[in-house]
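Chains A and B are the protein sequences, given in the same order.
For my numbering, add 1319 to where a residue sits in the first sequence, where the first one is 1.
For my numbering, add 1319 to where a residue sits in the second sequence, where the first one is 1.
Accompanying notes for the structure given below.
Number of protein chains: 2
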Amino acid sequence: MILSETVEAKAKLDPENFSLANCIRALSIDAVEAANSGHPGAPMGMADAATVLFRKHLKFDASQPDWPDRDRFVLSNGHASMLLYSLLHLTGYEAMTQEQLRNFRQWGSITAGHPEYGHTPGVETTTGPLGQGFAGAVGMAIAERRLASEFGDDLVDHHTYVFLGDGCLQEGIGQEAASLAGHLGLGKLIVLYDDNEITIDGPTSVSFSEDVLGRFTSCGWHVHRCDGHDPVAIDMAIQAAKAETDKPSIISLKTVIGFGSPNKAGSASSHGSPLGTEEAALAKTALGWSAEPFVIPPSLRQQWLDIGKRGSEARTQWESRLACRPEDVATEFNRRLKAELPQEYATALKLARHALFQQPKKIATRKASQLALEALAPALPELIGGSADLTGSNLTRVNAVDSQYTKERPGRYIGYGVREFGMAAAMNGLSVHGGFIPYGGTFLVFSDYARNAIRLSALMGIGTIYVMTHDSIGLGEDGPTHQPVEHLASLRAMPNLHTFRPADAVEALECWDIAIRSRTTPSLMALSRQDVPQLRTEVTDENLSARGAYIIRQCGQHRDLTLLATGTEVALAVEAAAALQAQGVGVTVVSMPCWDLFEQQPKAYRDEILGKAPRIAVEAAGKFGWTRYVASEEDVIGMNGFGASAPADILYQKFNITGEAIIARAKALLTN
Amino acid sequence: MILSETVEAKAKLDPENFSLANCIRALSIDAVEAANSGHPGAPMGMADAATVLFRKHLKFDASQPDWPDRDRFVLSNGHASMLLYSLLHLTGYEAMTQEQLRNFRQWGSITAGHPEYGHTPGVETTTGPLGQGFAGAVGMAIAERRLASEFGDDLVDHHTYVFLGDGCLQEGIGQEAASLAGHLGLGKLIVLYDDNEITIDGPTSVSFSEDVLGRFTSCGWHVHRCDGHDPVAIDMAIQAAKAETDKPSIISLKTVIGFGSPNKAGSASSHGSPLGTEEAALAKTALGWSAEPFVIPPSLRQQWLDIGKRGSEARTQWESRLACRPEDVATEFNRRLKAELPQEYATALKLARHALFQQPKKIATRKASQLALEALAPALPELIGGSADLTGSNLTRVNAVDSQYTKERPGRYIGYGVREFGMAAAMNGLSVHGGFIPYGGTFLVFSDYARNAIRLSALMGIGTIYVMTHDSIGLGEDGPTHQPVEHLASLRAMPNLHTFRPADAVEALECWDIAIRSRTTPSLMALSRQDVPQLRTEVTDENLSARGAYIIRQCGQHRDLTLLATGTEVALAVEAAAALQAQGVGVTVVSMPCWDLFEQQPKAYRDEILGKAPRIAVEAAGKFGWTRYVASEEDVIGMNGFGASAPADILYQKFNITGEAIIARAKALLTN
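Structure follows, in structure tokens:
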């Protein structure tokens, strides 16, 4: 039988590594069989490489999953989750018990179908949506270099290892990640590519025939190719990758998917379904594995536990080095890693607020965002900025973060290039790495390109900040391809995301303050291209935007009508309210910079703000979703379709988002 | 002065081409100045290459913009729209008058900020969102080969030319397009890359340092490099590209952005803003251009008009060839190009409906979708299918489209690989090319990856069909990364998109029928992994889903309560309704397979369906948006956050999407 001869030949290359790898294979087979669901093929194929990495290279201490200077291990092909769970179990991560493996993919377990950050100790980032683990790892490697430049190599010096498969490389975001990493010369990023020539639809030749390593070479990578079942070759390749410090490295591992399975190895049938009882047994026989399901023979168990302790000395040495540092350095390092804000922050915020009240600004909210950043960034060395090649439009570059992040020098401003998705995923990597609050800009309409990374920010519960300018037809002449219409609704629909649309300079500052403090919820700022007056002039230290919505104007004694508005349309609502008041109608204007925060307020507050009078909503966007607050979409002054190419003021007129339209609807409502 | 020496040197290479190109440059300068908005840099830099292409290679006839066998020209860097509008004007496209150029970017003009398909004759596809023009062109080239294989090279034999810039290549979708085109060996696809080393944030070296041609070589492309201002070299490069018929070609043109502008050429300042009156005048002087704004000297005007007629002979010859074909072939070809359905279709549909009524099926709606395809595809040779490497999950492959599209043989099923965005954009290209109804599958959650291409389907008003399976927590163990929650709402928020969520096999067939007939609105099918009973058993020829929502059950004589549900939850609602009826409550159950279609119904119909009784909505998805139909989100039996990893039935219980929850809410509502 060909396969078992292959298995035998491979086993001889490094029998110890083979036996250790079989632990991963056996557990992966068992867990997928028990769940009757999952992906055995990739864990079986990559077990040898994973064993080499964990045995000989990865710097980690299973007893301290969050030790800041650990190497990061990212399983970008997240469907191979049993590979990771097996490793965590074998190396002795406390939480990853045998019971958890038995409950793979079951309710309440920490062994979810795909690895989830924050849910499972030892999982560095959520993966499964292909390509994003890789792009996130680029963010981690960016973080490592920057943090090292701030605190020194003796405190920050770790590698980021990525396992990925063909899917991650077929996804466009994989190329964005590769191109950016090569450009920035991220020498401590090492990718192990599971080149098994199989995807779900069959052999990769169905859809994928490129010279992957040629592509990576073109992108400035160090490349290497070896037998993915030859531990000696893998070890040497990783050594070579570590030795190359100016370029990221990719090692293409020629592997057999489902390695060990006599009838399914090398075929798509081992990719995403259990092997089945019979084939599972045959595979174990072929691998020389005779232990009961989920059981690891004691000597192998011990060897793996020892591997889990390999890094403890490095960890204690690191702790000593940190302890030897001047107290203020150690304190600052710990503050950064704990994501606590510095004391200077509150002062900077207060000064910025007062400056706005003293000298109100009539500016675009994107400009107001820049002012907020100018004021706050000096107090926040953890802020690390960037843009997907729209710096001058997003106004994301401010003095304190003006140093460009280059190959030679890891500054605070990252030119992400025209790579919105890669940027968003890299920012997620910066977030989960620790030590940073990343923000990055693009146009709101191109949140579409980055959407699934925004979703992963929300799902992971991390504080990535998205600066999305040109937030409505107000961007004018660029036309409907660039005018967001449905985007506010589609983002508000996403759980655990704060979608902000500030109305003026004060709200922009307030929203930034909330975003900076929100370390377990991502924030997305929808900001205008066009100027708005400063509506908030009454001096207060209270962050009114933090309640999500609040009364910004009361025109007249009575509350005959409530106008709800966001962003640039709040000023329009205030004007219309004044006009209505002149006609004897009492109007309350509510600014709603963040629906998500408003929904979290006590019912009494929400009732008070919404009031009992008829309500009209005003927003230069699609009407979808506003029925949460108004009786019907007829009460929304907004868009029914896509925008058009023309100057902004013409568009507002043509699409009937005007004071007149508000007043007309108000009269229709009040006379009914 | 260095620049004018450069200009002079380039002018000498082919003085006639230079003068013709200056017409483009002058018009682009003038229009951007008049609009005080736009992008002069790229049209000025690419004018020489565009002139060569239109003068010597592009097969087109300005008097017949829609002639089926014309070459396709795609301006993927759509911000260079004035390049295209200038060409259309110069070559004599009737609609593109001087007046239109003067009204560049103004309300009501056909000269929108970015080129818009359907809005401007001669614009082959909407571009601006970077990378998508390129990926769409891949779809056009796929279409050309397939159509040629069906109707012969004498009727279908044209090239697809693409202009693109660095942005299109930085975007991940650019790589997806390149990889797929190389894999399929699309030899008639020719890309001209505006390698001007400038992006918005400055020199490309800020973020982009790869060897682009090396990357394309790795992806199986024929590559070429030349001076983008040397007409002879460009001509030879295009000739070489045409001679290479087994591989797509890319020609990297070293260009100067804003070529001719003494102070802004070669700099980002010429990219996205008007040159300014003074610099515009200096540029014209440097180019030797003395005509009034928007005026083309008569001899140049005539030369360009002659270029516009170059293809008329080829066109008339083509018409003769079509006329010589047997009548049924010509009729069929015209039918395909006009997107009319064949007579056999109605019969196939009727048979499929009756089969379902005769033998009701308890199957997943993804399976029902496959059955529908099996039944309808034989009657529709224009259907061309595919999947982003999830064929076995999406069930998109059926007998009639089982022939794989390969390099050697252009079949009816495309292995798009794990490239959702590239797939969606390529399908848009297939749609606008004409002759095809493309459909392609992925998981609903990964609609995120493809989102902006779905948006472009909607904005262009074309009938691309998205088959999105695994549409809720009902997919089970793969967990929250793979479970759509906010996606239905976010898609319903998009204008001009039909989001379908059929409840059973009959609705799935009906939704397919609507999708196939909808040639100016894209369709997205949200389909289940899990089985549902066939609720529709009453025989009728009427497509009830076409009204968007309809009464599927009346339980009891009175209408005390209305349950609104979609997809897999309709069965749940029907069960709950029966239970409530047993307790004396009259319940009307409304199935809402398509909100968008329902909103288009007359008010009287909508009022009748929604009724006056209290309403509860049931959908295994986020509640956002349902307040359009129910009083508050408390009346929605749905999700409040992300899903989890566990078997589907457990998830429905844990997230409280159950008959009990419906009944409990019903009682709370009815006792109030």
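Using N, Cα and C, we set each Cβ at its ideal position, and we do this for glycine too.
Who are the neighbours of B/M1813 on chain A, taking C-beta pairs under 7 Å?
E1805
Spatial neighbours of A/A1671 within its chain, please: CB distance less than 8 Å, with the 5 preceding and 5 following residues excluded, ordered by chain position.
L1690, A1691, A1694, L1695 and L1828
So with CB distances below 7 Å, who are the chain B contacts of A/R1770?
D1767 and R1770
Between the Cα of B/Y1732 and those of B/G1753, B/G1760 and B/A1744, spot the shortest distance and give me the residue it belongs to.
B/G1760
In terms of residues, what are the limits of the beta strand (DSSP E) holding B/I1956?
V1955 to M1958
Just mark A/S1618 as buried or exposed, buried being the case when its beta carbon has 16 or more other beta carbons within 10 Å.
A/S1618 comes out exposed.
Can a CB atom of chain B be found closer than 7 Å to the CB of A/V1906?
no
Residue of A/K1931, A/R1464, A/E1435 and A/E1861 minimising C-alpha distance to A/L1668
A/E1861
Less than 7 Å between the C-beta atoms of A/A1939 and A/I1781, yes or no?
no
Beta-carbon neighbours of A/Q1489, restricted to chain B and to distances below 8 Å:
Residues of chain B passing the Cβ test: E1495, S1498, D1708, G1736, V1737 and R1738.
Taking contact to mean 3 or more Cβ pairs, one atom from each stretch, closer than 8 Å, check whether the region 1711 to 1718 of chain B and the region 1398 to 1406 of chain B are in contact.
no
At least three beta-carbon pairs within less than 8 Å, the region 1499 to 1508 of chain A to the region 1453 to 1461 of chain A:
yes
Rounded separation between B/T1596 and B/K1726 - CA only:
52 Å
Closer than 7 Å to chain B by CB, A/V1525
Answer yes: the Cβ-Cβ gap between A/V1525 and chain B drops below 7 Å somewhere.
Hey, could you find the ends of the alpha helix (DSSP H) B/A1431 is sitting in?
Premise fails: B/A1431 is in no alpha helix (DSSP H) and is neither H nor E.
Residue of A/F1961, A/A1698, A/G1736 and A/L1843 minimising C-alpha distance to B/I1812:
Note on identity: in this sequence residue 1812 of chain B is Ala, with Ile being the wrong assignment. Measuring from the Cα of B/A1812, the nearest candidate turns out to be A/F1961.
Quick one, which of B/L1409, B/T1715 and B/P1679 has its alpha-carbon nearest B/I1626's?
Of the candidates B/L1409, B/T1715 and B/P1679, the one whose C-alpha sits nearest the C-alpha of B/I1626 is B/L1409.
Simplified DSSP state of A/H1408, which is helix, strand or coil
helix
When you compare each of B/E1953, B/G1957, B/I1773 and B/R1820 to B/A1910 by their alpha carbons, which one comes out closest?
Per the sequence shown, the amino acid found at residue 1910 of chain B is Ser instead of Ala. Of B/E1953, B/G1957, B/I1773 and B/R1820, the residue nearest in Cα terms is B/R1820.
Please confirm if A/H1502 has its CB atom under 7 Å from at least one CB of chain B.
At least one chain B Cβ lies under 7 Å of A/H1502.
Any idea what DSSP makes of A/E1938, helix, strand or coil?
strand
For B/L1775, collect the residues of the same chain with a Cβ closer than 7 Å to its Cβ; drop the 5 residues on either side in sequence, then sort them by chain order.
Cβ neighbours of B/L1775 beyond the five flanking positions: T1445, P1448, Q1451 and N1747.
A/V1481: which of A/I1343, A/I1569, A/V1525 and A/G1741 sits nearest, CA to CA?
A/I1569
B/K1573: first and last residue of the uninterrupted beta strand (DSSP E) it sits in:
S1568 to K1573
Within the continuous alpha helix (DSSP H) that includes A/L1619, where are the two ends?
P1617 to K1628
Got a sec: does the ligand HEM put a non-hydrogen atom nearer than 6 Å to the Cβ of A/G1447?
Looking at this structure, you won't find the ligand HEM or any other ligand, since it has none at all.
Quick one: complete alpha helix (DSSP H) runs, 4+ long, within the region 1853 to 1922 of chain A?
1888 to 1901 and 1914 to 1918
Does the region 1328 to 1348 of chain B come close enough to the region 1467 to 1483 of chain B that 3 or more CB-CB pairs lie under 8 Å?
Touching, no, given that fewer than three Cβ pairs across the two stretches are closer than 8 Å.
Taking 7 Å as the threshold (beta carbon to beta carbon), is B/H1358 in contact with chain A?
no
Reducing DSSP to helix, strand and coil, say where A/Y1768 ends up.
helix
Check the Cβ of B/L1449 against every Cβ in chain A and list those closer than 8 Å, keeping chain order.
V1737, listed in chain order.
Less than 7 Å between the C-beta atoms of A/A1985 and A/L1880, yes or no?
yes
Contact list for the region 1966 to 1984 of chain B against chain A, Cβ threshold 8 Å:
Taking 8 Å as the upper bound on Cβ-Cβ separation, chain A lies near residues P1966, I1969, L1970 and K1973 of the region 1966 to 1984 of chain B.
Counting C-beta neighbours from all protein chains within 10 Å, is the total for A/G1798 16 or more, i.e. buried, or is it exposed?
buried
What does B/P1729 pair with, by DSSP beta-bridge criteria?
B/Y1724
Please list, in chain order, the chain A residues whose beta carbon lies closer than 7 Å to that of B/F1943.
R1811, A1812 and G1944
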